[in-house]
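Chemist: Taking mature numbering (1 follows the signal peptide of the UniProt record, and there is no 0), I'd label the letters of the sequence shown as residues -32 to -1, 1 to 1066.
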Amino acid sequence: MPRTLSFLSVFLCVRALFVCLAVLSTFQCSFSSFLPYDFGHEDVESVVYTSNSEDNGTDSFGQLYFQGSSMVIIYQVRYRYNDTKYNRNSLVRRYASQGIKPNIRFWNLTWNTSFELKELVEEDTVYWRRNISKLQISQDTNYISGSWKYLVELGKGLNLFEKSGSLILKDEEPLLNLEFGDEITNPILFQSKPNGLIIKSSPCSSGVAAIVPVINTTEDEYSGCYFGVTYNYFNPSSVSWHNLLHQSSAIPNEYSICKQSSFSKCANLSIIDFTLLKNHLLFLTTNGILLSKNFTKALRNGPGTKLSFTSVQSIHPDIDEAIRMGSVNRREDMKLFHTPHCHRSYVSDLEEVCIVYRNNTSNSSLTVCSYAPFERWRTLVLESAPEKHYLLDMVQDIDRQSTVALINDKSQEVTLLQVYNGTKLSFPAFIFDKGETAESLYFHAYTKIIYAYGSQVWQSLDGGNSFYKVTSLHDQDRVTSFSIDLFGNTFCVTTRLGSILIGKAGIHRAIVVERLGNGSLSHPVYTQVLGHANTVVALKPQVAGGNFSLSPTAFEIKRDNESQHTLPLSLLASFRDETQVEFYVSSECGDCFSSGQVIYSKYGGSARIVRVEKTSILMSNVFKHKIVGLVTKAFAEPPRNRTNSLLQVRWSGWNASLTLLSRMNTDDRWQEDDLGKTVILPEGQSFILKHYVNETTFIGLTYIPWMRNTPWEDTFEGWTLHDFRDPISSNISWWVNEDTCRSVLLERRNLDMRLFHLDSMDSLTFTATSISKTTSRQPFARVFISNPRLFILKSVVHTSFLNTSLTALISQKPSARGTSSLTVLLQHSSLFCKSTSFTISIHSGCPPSKKLRYIYPSTFSDASFLDAKAIDSKGIQRNFKLPFNYRPPSARGKAIPLTGNIYNVDPKRPHYKDAYSVTRETVQYKQCQGVNERTACGCTLGMRRSSSERYSDCIDTVYRILFTEKLMPKFTVSRDERETIKLDSPYYLKELNNRIDYEALNPSTKTFPGIPYIIMEEKMNSSVEFVGSGLYHFRAHVVQDNYTFCELTDEFLVFVVDTPLPYPVKDIVMACTVMGFSSMLYLIYLVFFHGKKKIKYD
């Protein structure tokens, strides 16, 4: 019996093991089929659009447009590659029958809200819908402006068919509500093609952009001032064109950028450059610089207001002279530099614009900078810059508050990048390799990554201290256009030879996804990348029959479009086992390979790269890098192999003599063309063929040397020959392509685009989890902070079967204030993953929602406090109605109020105690200034109940306190998304009407330099004892060091009643009362007793 049980146990264990392995294999193979997260190739996707959309969600690129007071959201589901009305209706009915409803969430940096689309409409088209008002999206109108995103999914939290995009608030975007010059409805006529396009995107609204075609006005007179606006990535129906000359007027006026006496003098006027600021347009023209009117002020007249322009004067003598002489005709002569960003309340609204003037005569450059309204300009001198240099480009790093300058050193013929803090260098210059030139910079205000591009594309994750090259363009090729998703992580470049490449923030490579033509482009092509829609829009300016037009072409970013990426390298392959292979590279090209790529063989087979590492010191003289890959498909040998012959190996040091023995036929011989192929022995040792001796002997090189004095010799059969030669010499035997998406970030949906405020003692903890399709070599999330001087970062990584989680703790550095972006990215994931990173913004400073609140001893509703008797639990009335135009007494007495605060103001009623001229002269109204009666003061219920000094005109009812009571102030500190806490820090009180007739009891023992007031603390039972009567208006200030970046203050009012007579009146009254009573008794005695009593004598 025991032996039987033992055998049965073993049998069951073995069977369970095989079952688990089978389940695991099935689970891993079919993982993506049931995992709700989109790895980039699901067949079904969400469609969301508004009821007034011109299409059914097919051409909007994921944009939703909100105009007016509300919008109707329509949601459907469709097959990505078989989209028909019937299929959409079937899919909607299928999921509706299961009780699933779509959910949409809107958010910006400071606000978020979500809605369920409950109403199912079954007509000719079946869909869910919901009417959403602007007030529902953001209950606080201060949060309605800025950049808005949305995320829609089928079923809340189910992650089914997620789709994200941008919400464009048309009423809030100045470019869509202003008129510029004359609007053009007829085709624009050009004699020749434009020399290029200048495109400036709105910093807060994806898809909204302005465009100017660069025209040679010597051939096309009056054609250099066209200005276009789009709200949907230059979709023809979304573009409006304007002529800024405004020739509809008889002579140039304020709405024209021509500032001459007649239009004939502006025939050759053309726009050289322009920039789009938060509230202005700034144009650089051949006749000078034009500044638009402030957008906000212009829109006070309502939508459709025509924008006026004024000339910017007195920039710099050299620049003014160059413009006057007409020597500024090209963008190469003068250029505007400006770093756009979506403004936030804690970032300065001052937007600096710099002008770089290049004097070709003196071979020098001049840089001047200024802020709107551009009345004063300062000359920018870059210290430590080369003596002979041109400033090619410049950006402002907003978080680090530094200037990044791209400089061409004429003497050394190199391009270098310098980072300045003010005018001082932050760190040594970064010098680009000779033969490689960077011509332009782009600062991504969302991720704070700096891009440089020219002959290649580089990206810097550390503010310009170092750069990584992400492209490997041909020597004859160069970048002609660069764009990046405004609030995403995908960038796109177009090259001179017609290649369109895409890359991701933090991933140091880019891939070709489209080719335009087979040679150099005959016309410029500009691209706009839409990361959320996985789409690139290629924009071609065209002139056909004299008519100018923009031709946008959109294509999806997918693996089918990817071209083979070849490298001029020969690889030595070493198969460790059936699943793992190692490739050795002899050149310094380790950066050419990366996790997230796949190596393919021409003869069949592939391996997914899991890591790239430098070789050991011993091996580094021969092979520089080792590429470790997982075999996804077995590698096949080339046809007509010599592997049927015996192979004699004589191995000494790094080299081995490989000799063919007993050849089976005459074709079994070495050929010179075998140079670079890999010989792999049955035991796994491999050699790369390096030197041809004869048809029987080849010299091979291996990655591990034979260190003994006696050579190692042996004869093998069953050896294999693989071809991983230099693709150029072997007509492409192997290549590298991007892998399919195998991982996705989960927590990004709750953190992306968020703004976190950290006070001086705050910290932030978050967890980012990546889930993978495979169990091996999961990519780790990395964290990058754009402004590391603000925070201390500690992180912990946990790995499990199919996911990796990173938990990060961010804490404050003492007294450090500023802003920073924090980006979490999967640096070794595939470029075809829709989301490889997410970014949050962190503000180190006072959280705007952090407030100090005074807690009155008794609380009442607004209605009972303002319009009824408010009785507390002791039966004492706690509200007091102030007299009209009441002013508290001053130090001179009750009859001489001097404070500037007047309470319960009614202008048509007489002033309170104004017998003295000094009282009448200090009258100053606030809300009631310039009105004749109280109803015109605009006092709201909140203002009447307020304790704020600025609303004193409206305050009519205050808290009532008895003279015999002591006031013990209590405060709380409140903050959005955090629990309200009791204030336990010291504070002091300041009476706002300059009253001193009160005393602080039980004060704190703490002192603070520069504060002349008595410090109080709740834990010390500090209280206020009143000496006088009437209204007291206090403001409390929290004063603990390093407690908060905020100036926490709050105000409260009390009215003291039932006061005794003051000294010496009280003593005088008492003395008079005693004397009067004594006199009365004496008088009674005289009247009733004295005289009636007989005097008896002894």
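Glycine included, every Cβ here is placed at the ideal spot set by N, Cα and C.
Here the structure is a predicted model, which is why all the values come from computation and not from measurement.
Taking the continuous alpha helix (DSSP H) assigned at H1039, which residues delimit it?
Modeler: The residue asked about is misnamed: residue 1039 is Ala in this sequence, not His. That run of the alpha helix (DSSP H) goes V1033 to F1056.
Chemist: Measuring alpha carbon to alpha carbon, tell me which of F806, E147 and R757 ends up nearest S788.
Modeler: Ranking the options by Cα distance to S788, first place goes to R757.
Chemist: Nearest by alpha-carbon distance to F83: which of L77, T93, D92 and R98 is it?
Modeler: The candidate whose alpha carbon is nearest that of F83 is R98.
Chemist: For H491, which of K472, V511, N502 and V505 has the nearest alpha-carbon?
Modeler: Cα-wise, what sits closest to H491 is V511.
Chemist: For a test of the three-state rule: what should DSSP assign to P815, helix, strand or coil?
Modeler: Three-state DSSP puts P815 in coil, outside helix and strand.
Chemist: Please list, in chain order, all residues of the same chain as I452 whose beta carbon is under 6 Å from its beta carbon, the five residues on each side excluded.
Modeler: Cβ within range, chain order: H412 and F459.
Chemist: Counting only runs of 3+ residues fully inside the segment 539 to 580, write out the beta strand (DSSP E) ranges in chain order.
Modeler: Whole beta strand (DSSP E) segments, 3+ residues: 540 to 543, 548 to 553 and 565 to 569.
Chemist: Per the DSSP calculation, Q845 is bridged to which residue(s)?
Modeler: Per DSSP, I839.
Chemist: Is it right to say S428 is buried, meaning 16 or more other beta carbons lie within 10 angstroms of its own, or is it exposed?
Modeler: Burial call: buried.
Chemist: Tell me, to the nearest whole angstrom, how far the beta carbon of L245 is from that of H306; I am working on the premise that it is less than 8 Å.
Modeler: Right, their Cβ atoms sit about 7 Å apart.
Chemist: Between L951 and F734, what straight-line distance do the alpha-carbon atoms span, to the nearest angstrom?
Modeler: Using only the alpha carbons, I get a separation of about 27 Å.
Chemist: Which full runs of the beta strand (DSSP E) of 3+ residues lie inside the segment 665 to 734, going along the chain?
Modeler: Counting whole runs of 3 or more residues, the segment 665 to 734 contains the beta strand (DSSP E) stretches 665 to 674, 680 to 684, 688 to 690, 702 to 706, 711 to 713 and 723 to 726.
Chemist: For my contact list, V45 and Y63 are in at a C-beta cut-off of 8 Å; report their separation, rounded to the angstrom.
Modeler: Their Cβ separation, rounded to whole angstroms, is 7 Å, which keeps V45 and Y63 in contact under 8 Å.
Chemist: What's the gap between the Cα of T925 and the Cα of E933?
Modeler: Between T925 and E933, the C-alpha separation is close to 20 Å.
Chemist: How would you label F455, buried or exposed, when you count the other beta carbons within 10 angstroms and need 16 or more for buried?
Modeler: So F455 ends up on the buried side.
Chemist: For the pair the segment 982 to 996 and the segment 788 to 798, tell me if three or more CB-CB distances fall below 8 Å.
Modeler: Taking 8 Å as the limit for Cβ pairs, the verdict is that the segment 788 to 798 does not touch the segment 982 to 996.
Chemist: Please name the residue in A178, P354, G133 and G123 whose C-alpha comes closest to that of W116.
Modeler: When each option's Cα is compared against that of W116, the closest is G133.
Chemist: For a quick check, are the C-beta atoms of I287 and Y325 less than 9 Å apart?
Modeler: Yes.
Chemist: With the cut-off set at 9 Å, would you say F931 and V1025 are in Cβ contact?
Modeler: Yes; because the gap between Cβ atoms is below 9 Å, this pair is in contact.
Chemist: Is it the case that the segment 1035 to 1055 contacts the segment 1008 to 1022, given that we only count it when at least three CB pairs across the two stretches are under 8 Å?
Modeler: Output reads no: the segment 1035 to 1055 does not touch the segment 1008 to 1022.
Chemist: Taking the Cβ atom as the reference point for each residue, do W426 and H533 lie within a distance shorter than 9 Å?
Modeler: No.
Chemist: Thinking just about the alpha-carbon of each residue, which of I648, K645 and S563 is nearest to the one in S798?
Modeler: Here the closest residue by C-alpha is S563.
Chemist: With E776 as the anchor, note down where its beta strand (DSSP E) starts and where it stops.
Modeler: Correcting the residue type first, residue 776 is Ala in the shown sequence and not Glu. N771 to Q780 is the extent of the beta strand (DSSP E) around A776.
Chemist: What are the residues that DSSP puts in a beta bridge with F939?
Modeler: Answer is Y822, bridged to F939.
Chemist: Would you report the Cα separation of S584 and P204, rounded to the nearest angstrom?
Modeler: Roughly 58 Å between the two C-alpha positions.
Chemist: Sort out for me which residues DSSP pairs K934 with in a bridge.
Modeler: K934 pairs with nothing; no bridge assigned.
Chemist: Measuring straight from C-alpha to C-alpha, what distance separates N269 and F263?
Modeler: Each residue's Cα considered, the two are about 11 Å apart.
Chemist: Per the contact definition of three or more C-beta pairs closer than 8 Å, is the segment 611 to 629 in contact with the segment 673 to 690?
Modeler: Cβ pair count under 8 Å is three or more, so yes.
Chemist: Go through the segment 360 to 400 residue by residue and report every complete run of the beta strand (DSSP E) that reaches 3 residues or more, in order.
Modeler: Qualifying beta strand (DSSP E) stretches, in chain order: 370 to 377 and 382 to 389.
Chemist: For S487, collect the residues of the same chain with a Cβ closer than 6 Å to its Cβ; drop the 5 residues on either side in sequence, then sort them by chain order.
Modeler: Here the sequence assigns Gly to residue 487, which means Ser is not the residue at that position. There are no such residues.
Chemist: If you follow the beta strand (DSSP E) that R326 is in, where does it begin and where does it stop?
Modeler: Residues E320 to N327.
Chemist: How long is the line joining the alpha carbons of E140 and S519, rounded to whole angstroms?
Modeler: Roughly 28 Å between the two C-alpha positions.
Chemist: What's the C-alpha gap between R821 and S754?
Modeler: Rounded to whole angstroms, R821 to S754 spans 35 Å at the Cα level.
Chemist: If you reduce the DSSP assignment to three classes, tell me which class E404 lands in.
Modeler: Looking at E404 - three-state DSSP - the assignment turns out to be coil, as it is neither helix nor strand.
Chemist: What does DSSP give as the partner residue(s) for C460 in the beta ladder?
Modeler: C460 is bridged to S451 and I470.
Chemist: Can you name, in chain order, every residue of its own chain whose Cβ lies under 6 Å from the Cβ of T278, other than the five neighbours on each side?
Modeler: Excluding positions up to five away in sequence, the list reads L259.
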